[in-house]
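Report on one structure; see the data block that follows.
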Amino acid sequence: MAEDVIQIGSFNKDAAIVAAETKGFLQKENIRVRINTVTDSPTLLRNLISGKYDLILNNADNVIAWAEGQGADPQTNDFIIFLGGSQGVKQRLAVHPSINDYRDIKGKALAVEAPTTGFAIIMIAILQKNGLELNRDYTLKSFGNTNARAEAINRGEAVGAMMGMTDDEIQQRGFKVLARAEDHVAHYARNLGATRREWANANEELLVRFIRAMIQATDWITDGKNKEEVIKILLPENRNNRVRAEEQYEESISARFGFTPRSQIDMEGIQSVIQLREIAGLMKPPVPKPEKYVDDRFYKKALASLDK
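Numbering (the numbering used here), first residue to last: -19 to 288.
Quick look at the structure:
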C-alpha cells in the first residue's frame, strides 16, 4: 500500500519530528512526511493557507494572529491547533552595547521578524512592564529572522531584538542581554501542530495517525533510558556537534521548556499568548478563550487508540 505523504511547514526540525521519522513511528502509521523549513512566518502561513503545506509545526502566536487576520495579510483564517508541542519560551532581549537600561531605548527602533506576531509581543510586554509604550517611546522595524535582526543592530538600524540565542552567543556578537523572556512569561505554547479546519475534517483518519506517531515519538524521547539514542539521532540536526545535541535533548525533556507530556495541547500556554496579544494592544477585550483555536477531537481519538 502506498504511503500517505504529509507536507509540513516549520522553522526547524524539533526532536519529536526527528524521532518520529528516525524511529519508525511514522512508518508504522504508513506515513511519510516532507519537512519544508522556512525562515519567516509570512511564508509559513501563506503556504499553509494556499494548501502547499498540509499542516505546520509552529508557535501558537502565529496561528492565532493569522486566524484573526492580524498577520502580514489581513484576511481571517479558519485554523485549528490539534497537537501540543513545547512549553515556555527561551528568548533574550539583546541590545546594542550602547544601551545600558530601558530608558536608553527611548526614541529608537527595535528589530522584529514581524511587528504583530512571534516574539515581538513578548518584547512589547517586557518593555511595557518597564514603562515603555510602543509608538510613543520606541518603534518596531521588520527585518526577518534572528541573523537579519542581528545584522540590523550591527548596521545601526535598530538597537535591540528578541533572539533565540544563549547569553554566550549574544555576547560573542558584541551585544548585551537586557532581559530574558522566561523571567516575564511563565507559559508559552511553541512548536504545536496546526492546520486548516477544512483539511483536518477531510483527512481525519490520516491526522489521527500522524498524531499517534507524534505522541509515541514524544513518549520515547522523554523516557530517560533512551537519552543516548536521542542525542545520537539529534547529532545530524546539530552539525554533529555533541554539545548542541545534548543541549537540544535537555531542553526537550525540561519541565519548563520541553515537550508537554504525551504531546497534549498546552491550553495554559495558548491562554498566555492571548493575554500577551492583549497587552500588546493586538486583541481587544473581551479576548477569545483558547478553545476558539483548538480542536482536540483528533488528539483524543489518537490517544484513545494508543491506550487500547
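Every residue, glycine too, gets a C-beta built ideally from N, C-alpha and C.
Values in this document were obtained by computation on a predicted structure and should not be read as measured data.
Just to confirm, is the Cβ distance from residue i to residue j under 9 Å?
i: Thr198; j: Ala40; result: no
i: Ile67; j: Ala169; result: Here the sequence assigns Gln to residue 67, which means Ile is not the residue at that position. Yes, they are a contact pair.
i: Leu256; j: Leu158; result: no
i: Gly64; j: Ile245; result: yes
i: Glu93; j: Gly124; result: yes
i: Gln71; j: Gly144; result: yes
i: Ile29; j: Trp46; result: yes
i: Ile104; j: Ile259; result: yes
i: Ala182; j: Phe62; result: no
Cutting at 6 Å between CB atoms, please list the residues of its own chain near residue i, excluding the five before and the five after it.
i: Arg219; result: none
i: Asn16; result: Gly(-11)
i: Asn171; result: Asp(-6), Leu37, Gly65 and Ser66
With distances taken from CA atoms, which of the options is nearest residue i?
i: Arg177; options: Gly124, Ala(-1), Tyr273 and Ile79; result: Tyr273
i: Lys156; options: Val92, Phe278 and Asn80; result: Asn80
i: Asp(-16); options: Phe278, Leu186 and Gly238; result: Leu186
i: Ala52; options: Met103, Glu137 and Leu24; result: Leu24
i: Glu209; options: Gln(-13), Ala(-18), Phe(-9) and Thr2; result: Thr2
i: Asn206; options: Ala284, Gly261, Glu226 and Gly31; result: Glu226
i: Ala141; options: Val267, Ile211 and Ala100; result: Ala100
Give the DSSP-derived three-state secondary structure of residue i in the structure shown.
i: Ala(-5); result: helix
i: Ser30; result: helix
i: Arg129; result: helix
i: Met142; result: strand
i: Gln151; result: helix
i: Thr198; result: helix
i: Leu286; result: helix
i: Gly204; result: helix
i: Tyr82; result: helix
i: Arg116; result: coil
May I have the straight-line CA-CA distance separating residue i from residue j, to the nearest angstrom?
i: Thr96; j: Glu48; result: 11 Å
i: Ala89; j: Val18; result: 25 Å
i: Lys280; j: Val69; result: 26 Å
i: Tyr229; j: Glu184; result: 31 Å
CB-CB under 7 Å to residue i, same chain, minus the five flanking residues each way: which ones, in chain order?
i: Ala282; result: Val188, Ile191, Arg192 and Ile195
i: Trp179; result: Asp34
i: Ile213; result: Val(-2), Ala(-1) and Thr2
Identify, in the order they occur along the chain, each residue of the same chain with its Cβ nearer than 8 Å to the Cβ of residue i, setting aside the five sequence neighbours on each side.
i: Val139; result: Val75, His76, Ser78, Ile79, Asp84, Ile85, Lys88, Ala89, Leu90 and Ile133
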